[in-house]
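As numbered in the working numbering, the sequence shown has no gaps in its residue numbers, which increase by one up to the final residue, 1375.
Just below is one structure, and these are the notes that go with it.
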Amino acid sequence: MQFLWKYVDELVGKGLEPLVIAELLLYASASLVTMALPLALLLSSIMTFGNMGENYELVAMKAAGISLQKIMRPLVGFAIFLSATAFYFSNSIWPIANLKFKRLLYDIRETKPALELTPSIFYKKIDGYVIRISDKSKDGKILKDVLIYDHSDDAGGNRKVIKANEGKMYLTPDERYLVFELYHGYQYDEMRGKKEPLLRSEFDKHTIRIELSGFSMSESDESMFQNHYQMMNLTQLTTAIDSLDSMIVKRLDDFATSVNTRLIFMNDTNYNPDTVQFDTAGFTVMGDLNQREQLQIYSTALNLARANKTYANSMSQEIENRQKTLNRHIIEWHRKFTLSIACLVLFFVGAPLGAIIRKGGLGMPVVISVIFFLIWHITSMTGEKLVKQGEIPAIQGMWYATYLLTPIGIFLTYKATTDSVLLDATFYAKLIAPFKPLITPIVKLFKKAKKKKKANS
């Protein structure tokens, strides 16, 4: 639904085949795996151990001398396998899916909307032609009162105009050309020359063939998008990061060399440099120079200072943009690992959590899994945004969620191993039971006040 709301304007009205839309949805779904897979593993682990706890299967196994660690051991192996699969997906399949998606979306954007002539509206979607009709048949083939402005010769202005009482519109069998068969009309052609004469001709039937190459979707070259960081695997990202980092260092060195060269402005002056003296601090001694030479030194220094300031501002903006590009590559490099590690961490959160709450089904497990997933997702997005802005290094921002949830997973595993009642509703009900006689009158008082307020209203 997010994809459809975002790109619906790109798809509507272009006569796309269902297979093309299905292919686009397939490639777009690859980006959803990064959110769906960790959530699915978290929810399934809570449901599995919750069902086992609710049906006292965990109690029976623990009574037989099997610890929770041994019970979890096969699923830990499966979670590790799933994490390795997630890494392979993010490193090999995801870049290809992104490349296919971007290429296909670009081709769709470049495709013109489907041909649809509306009565009394000038249609300008065909290159070189402007068409207006007064009416048309239900099937759209028979046209009434056709007016065509032919701009195909790039002569400028409305030099060639065709007007017909009626006409027929259809596509050739190969759908490469749009054919207009016009009947009973006139053609006006303003001939280019010294006197610009106007040629007016009458016809009973006139045929116009218009090429529709712009209306059919063409397949662009994928190499146009291969340099984008989302289309690279781990090896390519490592190479790109090294190149971008080296380029930033080179540009900074070039800037330092250029500024140092610009500061030596004495060689650019017209007076004799031997007449200029410097004190121990390196400042010029103006006492032996006339007023004209002093003004020339001040003017040259001021101009060079302004030029260096402009150059420094420009270089600062360039370095900032290059650093943002580098940060995005580094983020994508770390993302190859965060997905697989997130699956493993959320499993160690969900499995002991299910054993503690002892509730299966889609009730409590869904609520708890969504809460932990939102914590993971919001923390990940916040850290990624800070890395993009250059506020923190990627090793911190991209792993914030892992740093946060790993201690929670260890704590929950310890509590589940020791048969903790951390999330047992019965345990908290027993704690509240002694205070129930005090709470009940207060609850009744609030209910009575609420009923009285409703009756008065």
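Quick reminder that beta carbons are idealized off the backbone N, C-alpha and C, glycines included.
On the DSSP bridge assignment, give the partners of residue i in chain order.
i       : result
Gln1105 : Ile1080, Ser1119
Glu1099 : Lys1086, Thr1125
Val1064 : Ala1082
Lys1054 : Leu1061
Val1048 : Tyr1067
Tyr1041 : Ile1049
Can you tell which of the options has its C-alpha closest to the C-alpha of residue i?
i       : options                            : result
Met990  : Leu1262, Phe1291, Leu1162, Ile1296 : Leu1262
Leu929  : Leu1022, Gln987, Asn1231           : Leu1022
Asn1083 : Thr1090, His1124, Leu1089          : His1124
Lys1062 : Pro1037, Val1079, Lys1354          : Pro1037
Gly1268 : Asn1245, Thr1003, Phe1329          : Phe1329
Leu961  : Gly1327, Ala1334, Phe1265          : Phe1265
Tyr1095 : Glu1238, Arg1169, Glu1129, Met1142 : Glu1129
Ser1052 : Gly1315, Asp1045, Ile1060, Val1064 : Val1064
Lys1056 : Leu1035, Gly1046, Asp1071, Ser1161 : Leu1035
Leu1089 : Pro1311, Arg1127, Tyr1101, Asn1208 : Arg1127
Leu1152 : Thr1331, Lys924, Met953, Glu1250   : Glu1250
Leu1292 : Leu957, Asp1160, Pro1115           : Leu957
Asp1025 : Phe1143, Lys1078, Arg1210          : Phe1143
Ile1159 : Tyr1147, Lys1168, Leu1170, Met1233 : Tyr1147
Ala1312 : Lys1168, Leu1271, His1247, Trp1012 : His1247
Thr966  : Ala1351, Val1288, Pro1270          : Pro1270
Gln987  : Arg1224, Ser1161, Tyr1332          : Tyr1332
Asp1163 : Glu1238, Ser949, Ser1176           : Glu1238
Ile1014 : Lys1227, Lys1368, Met1149          : Met1149
Ile1044 : Val1097, Pro1352, Ile1259          : Val1097
Asp1068 : Asp1107, Lys1054, Asp1092          : Asp1107
Leu1170 : Leu1323, Tyr1229, Lys1365          : Tyr1229
Tyr974  : Gly1272, Leu950, Trp923            : Gly1272
Pro1115 : Asn1208, Lys1078, Ser985           : Lys1078
Arg1027 : Gly995, Tyr925, Pro1091            : Tyr925
Ser1258 : Leu937, Val951, Pro936             : Val951
Please work out which residues of its chain come closer than 8 Å, Cβ to Cβ, to residue i, disregarding the five sequence neighbours upstream and downstream, and give them in chain order.
i       : result
Thr1187 : Residue confidence is low: Thr1187 scores 45 on pLDDT, short of 50, so the model does not pin down where it sits. Its coordinate-derived value is still stated next. Closer than 8 Å at the Cβ level, and outside the excluded window around Thr1187, lie Gln1214, Ile1215, Thr1218.
Pro1355 : none
Ala1275 : The amino acid occupying residue 1275 in the given sequence is Ile; Ala does not appear at that position. Hits under 8 Å: Ile964, Gly968, Gly971, Met1282, Pro1283, Ile1286, Leu1341, Asp1342.
Thr1256 : Ser1298, Met1316, Trp1317, Ala1319, Thr1320
Thr1156 : Trp1251
Lys1242 : Lys1306, Gly1308
Asn1190 : Model confidence at Asn1190 stands at a pLDDT of 48, short of 50, so the residue's coordinates are unreliable and nothing is read from them.
Val1177 : Asn1226, Tyr1229, Ala1230
Tyr1236 : Note that residue 1236 is Glu in the sequence shown, not Tyr. For Glu1236, where only same-chain residues beyond five positions count, the Cβ hits under 8 Å are Arg1169.
Whose C-beta lies closer than 6 Å to the C-beta of residue i among residues of the same chain, with five residues either side of it excluded?
i       : result
Ile1166 : Arg1240
Phe921  : Ala946
Lys1306 : Asn1245
Ser1119 : Gln1105
Ser1070 : Gly1046
Lys1081 : Leu1065, Gly1103, Tyr1104
Leu934  : none
Phe1040 : Val1048, Arg1050
Met1233 : Phe1173
Ala997  : Leu1262, Phe1265
Below 7 Å CB to CB, which residues in the same chain sit around residue i once its five sequence neighbours on both sides are set aside?
i       : result
Glu1099 : Gly1085, Lys1086, Lys1123, Thr1125
Lys1370 : none
Ile1310 : Leu1304
Tyr1101 : Ala1082, Asn1083, Glu1084, Gly1085, Asp1122, Lys1123
Ala1199 : Residue confidence is low: Ala1199 scores 47 on pLDDT, short of 50, so the model does not pin down where it sits. Its coordinate-derived value is still stated next. No residues qualify anywhere along the chain.
Lys1254 : Phe1005, Ser1008, Asn1009, Leu1152
Lys1059 : Lys1086, Met1087, Tyr1088
Gly1327 : Val1263, Phe1266, Val1267
Leu1012 : Inspection of the sequence shows that residue 1012 is occupied by Trp rather than by Leu. Once the five neighbours on either side are set aside, the close Cβ partners of Trp1012 are Ala948.
Asp1334 : The residue you asked about is not Asp; residue 1334 is Ala in the sequence shown. Hits under 7 Å: Leu986, Pro1270, Ala1273, Ile1274.
Is there contact here, the stretch 1278-1285 with the stretch 976-985, by at least three beta-carbon pairs under 8 Å?
no
Evaluate the contact criterion for the stretch 1011-1028 versus the stretch 938-946: three or more CB pairs, one atom per stretch, below 8 Å.
Yes: at least three Cβ pairs fall under 8 Å.
Would you check if the stretch 1358-1369 and the stretch 1297-1312 touch, i.e. whether three or more CB-CB distances between them fall below 8 Å?
no
Is it true that the stretch 994-1012 meets the stretch 1309-1323, where meeting means three or more beta-carbon pairs spaced less than 8 Å apart?
no
Which runs of the alpha helix (DSSP H) spanning at least 4 residues fall entirely within the stretch 1293-1368, listed in chain order?
1312-1315, 1318-1335, 1343-1350
Where in the stretch 1227-1267 do unbroken runs of the beta strand (DSSP E), each at least 3 residues long, occur, reported from the N-terminal end onward?
Within the stretch 1227-1267, not a single complete beta strand (DSSP E) segment reaches 3 residues in length.
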